[in-house]
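Everything in the sequence shown is counted per the working numbering, starting at 16 for the first residue and increasing by one. We put the CB at the ideal spot given by N, CA and C, even for glycine. Quantities reported herein were computed from a predicted structural model and do not represent experimental measurements. What follows is one structure encoded as structure tokens, with my remarks underneath.
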Amino acid sequence: MAKSRKISTLLTCSALSFGLFASAAQASAHMDEQSTKVPIEVASTEVEFSKNDLIQKFRDLFPNQFDFLSSNDFQMSGGHMYPDDEKIRYHLYFSKAVNGKQLHGSVGFVGDDLEIEHFSFQPLNEADALFPAKVSKEEARKIAIEFMSHIPTEEAYQLETDIQQYYPHRILTEPIRYSFMFTRTKHQVPIADQKMQVTVLGNGDVVEFYKNPVHKGAATFEDVEKVKDEKEILQKIKDNLSADLYYSINMDTGKRTIELVYQPKTSNVHALTGQWQRANGYSTEPPKKTKIEKIVAEPLPPKKEGITKEEARKLAEQLLESKSDDVKLTIQSVEEMKNHNGQQVFSIHYMYQVANGGYGTTLEINKHTGEIIQYSDMSYQMLEQAGKEAPKGKPLSEKEALASAITHLKEWAPSYLHHYAYPLDEAHVDEQSGVYYFSFPRVVNGIPVIGDQISVSINPDSSLNNLYVQYQEEAQWPAIDEIISEEEAKAIYEKALSAQLNYTKKAEAQHYDLVYVPVFNGQSFSTLDAKTGKWNSLTGEENTIVVTHPWAEKELNYLLNAKILEVKDGETFNGDALATKGEALKVIVNSLTYFYADWYGEREDRSQTFENINPDHPYYQVVEHAVGMGVIKQDTSFNVDAPITREELAVWYIRILGLEQAAKHSDIYKLDLQDADQVQAGNIGYVALANSIGLLPAEKGHFNPDQEMTYAELAVSIIRLAHEMSVR
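Quick look at the structure:
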């Protein structure tokens with residue numbers, strides 16, 4: 016029988032998963048440190064539940080929704096557990112062909128009570144979830160709360176309202192998703208690491224659920240009655256608050272832009288003692304500005320004066336050499352290319368193989384210097400997969416780990432080091448693995464750069480665990496002569512500051528501390544535009560530019576928010592302006608594919624389809640991508656600046672739908688249009704299909720094939736195309 020549960024909505028619940036207020040640079044570093052847990056298979060004799068038990072539990076959670084699935088549509092995987100958690104986990108998978116389409120999903124349960132831990136579902140029809148969505152965000156919120164009411168638990172959960180989702184780019188054929196985070200509370204205080212997330216499609220279907228795995232039973236919590244007064248703590252944070260200036264790399268649209276931002280320098284405060292929370296404990300010392308110290312004062316010579324493909328392979332074989340006879344290294348390919356940072360590199364794809372499978376990734380080596388750009392040590396995981404114990408030395412201190420990191424950097428990436436400084440934040444150590452994680456920021460004009468850093472992690476035996484060099488040459492960095500002062504930035508932060516009481520703990524501990532978390536305007540992470548003093552969003556979710564139009568306003572603004580259409584000034588944008596072929600292709604490519612021109616590596620065999628669109632042309636990657644999609648065909652030249660007509664767009668759209676072979680048979684089509692004679696003979700089938708499907712419908716019996724398309728017309732028609740693609 017389901018246990019009763021409580022759900023409340025808190026105005027601002029900004030629990031931090033890291034347990035302390037972290038900088039954006041810290042957040043980036045912490046994302047790299049998540050080690051993969053290796054599941055341990057459980058003998059079939061220890062599995063206590065059958066497939067039918069799991070199916071019944073599944074149907075209890077989703078009454079009536081999946082009644083069309085029979086027992087034969089489900090499959091159960093064997094139970095497994097993790098090394099640090101003895102609870103057995105069970106997975107149930109389902110799939111079924113319905114009307115020629117495949118429906119599939121999965122659900123995971125844990126423990127003796129079969130508590131749901133995760134769920135994902137791919138519905139058959141997502142057309143109602145495309146823009147414009149069938150349900151609004153507010154309606155989806157109610158659906159998520161209703162779903163949560165069916166999750167059996169005695170614990171109270173509250174809905175967060177500042178969940179930060181990152182939306183760098185959304186394509187039109189992907190359904191609209193609304194995600195809601197619910198945080199468990201104790202004594203009405205959020206517990207930072209105990210969350211459930213529910214995702215609702217734009218058609219109202221709950222398609223994802225995830226619950227953070229937690230250890231139950233022995234956890235203890237500090238007494239909420241003993242916390243210091245919030246006003247006292249808030250004043251303490253204000254008295255020690257500072258604003259640090261950074262260059263920030265913005266990749267929201269796939270293009271690399273550089274901004275000057277202010278970021279607060281502060282930390283969580285222990286609610287009982289008033290001490291400042293650090294990465295690995297508490298201190299009476301408040302957070303202070305860290306002196307920027309370059310790793311090396313003068314440039315070091317590169318590791319090599321250039322290497323060949325064969326030398327790169329040999330270097331990879333030495334670096335990646337297997338540590339066990341039971342683990343076999345295979346170099347799958349060595350490819351010369353230009354990576355997304357514009358560096359000429361050898362990209363080396365490799366695999367480690369053991370008896371029951373294998374894992375692979377990529378090593379990148381700079382062709383001109385022989386230095387490592389990207390490296391991950393997989394040997395420890397592979398030893399575990401082979402049933403071997405990884406070597407363990409005496410745990411390192413942070414000082415020892417940092418010294419090892421510097422040694423490895425001087426060996427593997429020396430020529431970059433004069434651009435980078437020692438870490439500005441404390442290192443994080445994974446208590447279970449003993450791995451230390453460091454982030455060395457790039458420094459330009461004495462200012463650290465968020466987004467350009469060297470990430471290094473060190474194993475307990477001082478060996479290199481991970482190395483990634485993020486570096487791009489920049490022609491110009493924003494000047495600092497027209498920015499607000501540090502004191503002005505600090506005043507803005509102070510005005511927006513509040514303190515959020517949270518329960519947090521170290522990863523492996525079972526005791527929760529009470530801490531006050533600094534938040535600004537209710538947001539966990541906030542930066543200020545140093546030129547304007549306005550708030551920036553780190554999530555990329557909201558677009559501040561809004562355009563107006565008499566009949567295509569919603570469509571145009573959706574394309575803006577989805578990062579499909581680029582508009583610099585909403586007030587001067589004219590939706591009735593003519594769209595060029597180049598801009599139309601860019602909208603099509605961005606609408607239908609996850610395409611980031613600046614992130615596509617330039618390979619040795621780059622083709623050039625049109626004589627006038629060479630690799631240096633601003634539309635080169637868009638045009639070549641469109642050729643690869645089959646939107647446009649090879650020819651002598653392509654005029655990206657010419658307007659796009661309705662007839663030409665009809666041809667492009669029908670090709671995208673895969674109907675070109677049918678459209679080519681123009682003799683089988685009869686255009687019942689008053690201007691049919693104005694359509695080129697070879698395009699009659701394309702126009703007939705585009706009209707009948709409703710992509711580019713005729714008006715009052717006229718198709719107007721030579722009419723040049725405006726941005727508004729393009730926006731409306733591309734959304735129609737996305738809907739048509741979703742049902743095919």
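(request) Can you tell me which of the three DSSP states Arg271 falls into? (result) coil
(message) Taking only three categories from DSSP, how would you classify Leu295?
(response) A small fix is needed here, since residue 295 is Asn in this sequence, not Leu. Coil, per DSSP.
(message) At the level of alpha carbons, what is the spacing between Ser652 and Glu141?
(response) 39 Å
(request) Report, in whole angstroms, the separation of the C-beta atoms of Val561 and Gly590, which I expect to be a contact under 8 Å. (result) Rounded, the Cβ-Cβ distance is 12 Å, inconsistent with contact.
(request) Could you check if Thr214 is buried or exposed, using at least 16 other CB atoms within 10 Å of its CB as the buried criterion? (result) buried
(message) Classify Leu120: buried if its beta carbon has 16 or more other beta carbons within 10 angstroms, exposed otherwise.
(response) The identity of residue 120 in the sequence shown is Gly, whereas the question assumes Leu. When all chains shown are included, Gly120 counts as buried.
(message) By the DSSP assignment, the beta strand (DSSP E) with Phe361 in it spans what residues?
(response) Gln359 to Val369
(request) Just mark Pro745 as buried or exposed, buried being the case when its beta carbon has 16 or more other beta carbons within 10 Å. (result) Lying outside 16 to 743, the shown extent of the chain, residue 745 is not represented and no answer is given.
(request) On a CA-only basis, which of His165, Glu153, Lys111 and Ile206 is nearest Lys520? Give me that one, please. (result) Ile206
(request) Could you tell me whether the region 144-164 touches the region 104-112, using the rule of 3 or more Cβ pairs below 8 Å? (result) no
(request) Go to Asn265, then tell me how far its alpha helix (DSSP H) extends in each direction, as first and last residue. (result) Asn265 -> not in any alpha helix (DSSP H); beta strand (DSSP E) instead, spanning Ser257 to Asn265.
(request) Tell me, to the nearest whole angstrom, how far the beta carbon of Val694 is from that of Ile671; I am working on the premise that it is less than 8 Å. (result) Actually they are not in contact, since the Cβ atoms of Val694 and Ile671 sit about 19 Å apart, beyond 8 Å.
(request) Tell me the start and end of each unbroken beta strand (DSSP E) in the region 329-356 that is at least 3 residues and wholly inside, in chain order. (result) 343-353
(message) For a quick check, are the C-beta atoms of Ser135 and Glu237 less than 9 Å apart?
(response) no
(request) Can you grab the Cα-Cα spacing for the pair Leu607 / Gly697, in whole Å? (result) 26 Å
(request) Whole angstroms is fine: what's the gap from Asp778's alpha carbon to Gln290's? (result) In this structure the chain extends from 16 to 743, so residue 778 is not present and cannot be described.
(request) Please look up how many angstroms separate the CB atoms of Glu351 and Lys306, rounded, as I've assumed it's under 8 Å. (result) No, Glu351 and Lys306 are not in contact; Cβ-Cβ is about 41 Å, not under 8 Å.
(request) Rounded to whole angstroms, what's the CA-CA distance from Thr624 to Tyr105? Just pull it up for me. (result) 52 Å
(request) Whole angstroms is fine: what's the gap from Ala286's alpha carbon to Glu509's? (result) 20 Å
(request) Please report how far the alpha carbon of Phe162 lies from the alpha carbon of Met211, in whole angstroms. (result) 11 Å
(message) Which same chain residues end up closer than 6 Å to Ser85 when comparing Cβ atoms and leaving out the 5 residues on each side of it in sequence?
(response) none
(request) Answer with buried or exposed for Val204, where buried requires no fewer than 16 other C-beta atoms within 10 angstroms of its C-beta. (result) buried
(message) Using 9 Å as the threshold, is the C-beta distance between Asn13 and Tyr390 below it?
(response) Absent from the model: residue 13. The displayed extent of the chain is 16 to 743, so no value can be given.
(request) Can you check the region 669-728 for any alpha helix (DSSP H) of at least 4 residues that lies completely inside it and give the ranges in chain order? (result) 675-679 and 699-708
(request) Please report how far the alpha carbon of His564 lies from the alpha carbon of Lys116, in whole angstroms. (result) 38 Å
(request) Determine the extent of the alpha helix (DSSP H) in which Lys601 is found, giving its start and end residues. (result) Lys596 to Leu607
(message) According to DSSP, Lys280 sits in a beta bridge with which residue or residues?
(response) Ser257
(request) Look at Leu664 and Ala599 and say whether their C-beta atoms are less than 9 Å apart. (result) yes
(request) Can you check the region 411-453 for any alpha helix (DSSP H) of at least 4 residues that lies completely inside it and give the ranges in chain order? (result) 413-427
(request) Evaluate contact between the region 727-741 and the region 707-717, counting only Cβ atoms and requiring at least three cross-stretch pairs below 8 Å. (result) yes
(request) Kindly confirm or deny that the region 458-468 and the region 408-426 touch, where touching means at least three C-beta pairs closer than 8 Å. (result) no
(message) Whole angstroms are fine: how far does the CA of Ile507 sit from the CA of Tyr668?
(response) 49 Å
(request) Just the C-alpha distance for Thr168 and Leu516, rounded to the nearest angstrom, thanks. (result) 23 Å
(message) Quick check on DSSP: helix, strand or coil for Leu287?
(response) coil
(message) I need the straight-line Cα distance from Ala234 to Gly296, nearest angstrom please.
(response) 18 Å
(request) If I'm right that Pro438 touches Ile252 with Cβ under 8 Å, what's the distance once you round it to whole angstroms? (result) 23 Å between Cβ atoms; not a contact.
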